[in-house]
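Peer 1:
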Amino acid sequence: MLVKNSSRVIRSVISRRSIVTKAIPSIGLARTAPTRAPVLSKLGILNQHNLPFVTVQRMHNSIAASTDGKTIPEEILDMPIEVYHEISDEFMDSLLDQLEILCDYHPEVVQDVEMSQGVMSIEVPSVGTYVINKQPPNKQIWLASPVSGPNRFDYYQKEWVSLRDGTKLLDILNKELSDRLEGDEIDLHY
78 MLVKNSSRVI
88 RSVISRRSIV
98 TKAIPSIGLA
108 RTAPTRAPVL
118 SKLGILNQHN
128 LPFVTVQRMH
138 NSIAASTDGK
148 TIPEEILDMP
158 IEVYHEISDE
168 FMDSLLDQLE
178 ILCDYHPEVV
188 QDVEMSQGVM
198 SIEVPSVGTY
208 VINKQPPNKQ
218 IWLASPVSGP
228 NRFDYYQKEW
238 VSLRDGTKLL
248 DILNKELSDR
258 LEGDEIDLHY
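And the structure:
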């Protein structure tokens with residue numbers, strides 16, 4: 078109700094301003110008649126130039142939803158940030174160890190792997206660089222693949238899974254890296 082009344086007052090003030098105005102050519106503003114200024118300033122709707130102003134505050138509801146509009150499972154929402162860090166650090170360390178071994182035995186598949194501050198870079202010859210990084214505010218791990226593009230993964234039912242399409246982070250890496258290895262399959266696991 079207050080918003081409706083305030084907007085009526087402002088509309089009324091604006092329409093009166095067009096009737097009772099005095100042009101100020103030096104700054105290009107119009108000033109209301111002096112008798113109106115004290116009333117309007119008491120209402121808090123005049124700025125320093127005695128012109129009406131409105132402060133708009135946007136109200137919105139925030140709900141947790143995945144990128145396809147489905148709701149996020151409670152298991153993900155309720156995970157404490159400390160648990161996320163423990164699980165994601167353990168996952169990233171395990172993945173790094175496995176990729177370093179792969180790098181030693183199959184440099185044609187993985188040429189180099191590095192990790193710094195929660196960001197892992199995997200260089201794959203003739204394909205490009207994969208980037209895997211933690212996203213603590215969302216409690217996710219993100220993958221940027223030169224083959225399949227970007228994807229986000231939540232820790233759900235003991236695996237890093239995309240809520241968009243249900244794909245698993247390790248399944249994507251295993252498939253895309255196995256495509257580089259002729260005859261054998263790579264089995265990264267957690």
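Residue numbers for the sequence shown follow the numbering used here, so the first one is 78 and each next one is one higher. Backbone N, C-alpha and C define an ideal beta-carbon position, used for all residues, glycine too. No experiment lies behind these values; they were computed from the predicted model shown.
1. If I follow the unbroken alpha helix (DSSP H) through Ile218, where does it start and stop?
2. Grab me the residues of Asp46's own chain with a C-beta within less than 7 Å of its C-beta, minus the 5 sequence neighbours each way, in chain order.
3. Between Glu152 and Tyr233, is the Cβ-Cβ spacing less than 8 Å?
4. Roughly how many angstroms lie between the CA atoms of Arg229 and Ile164, to the nearest whole one?
5. For Gln234, which residues does DSSP report across the bridge?
6. Going straight from the alpha carbon of Ile149 to that of Asn215, what length do you get?
7. Alpha carbon to alpha carbon, what distance is there between Tyr182 and Met156?
8. Starting from Glu200, follow the beta strand (DSSP E) in both directions and report where the run begins and ends.
Peer 2: If we stick to the structure as given:
1. Position 141 of the sequence shown holds residue 218. Premise fails: Ile218 lies in the beta strand (DSSP E), Gln217 to Ser222, not in any alpha helix (DSSP H).
2. In the structure as shown, the chain starts at 78 and stops at 267, and residue 46 therefore has no counterpart that could be examined.
3. For the purposes of this step, residue 152 is identified with residue 75 of the sequence shown, where counting begins at 1. For the purposes of this step, residue 233 is identified with residue 156 of the sequence shown, where counting begins at 1. Cβ atoms of Glu152 and Tyr233: closer than 8 Å.
4. Along the sequence shown, read from residue 1 onward, the residue named residue 229 stands at position 152. Along the sequence shown, read from residue 1 onward, the residue named residue 164 stands at position 87. Looking at the two C-alpha atoms, the distance is approximately 16 Å.
5. Counting from 1 along the sequence shown, the entry for residue 234 is found at position 157. In DSSP, Gln234 forms no bridge with anything.
6. Mapped onto the sequence shown, residue 149 falls at position 72. Mapped onto the sequence shown, residue 215 falls at position 138. Computed Cα separation, rounded: 11 Å.
7. Here residue 156 is taken as the residue at index 79 of the sequence shown, counted from 1. Here residue 182 is taken as the residue at index 105 of the sequence shown, counted from 1. One C-alpha to the other measures close to 37 Å.
8. For the purposes of this step, residue 200 is taken as the residue at position 123 of the sequence shown. Val196 to Val201 is the extent of the beta strand (DSSP E) around Glu200.
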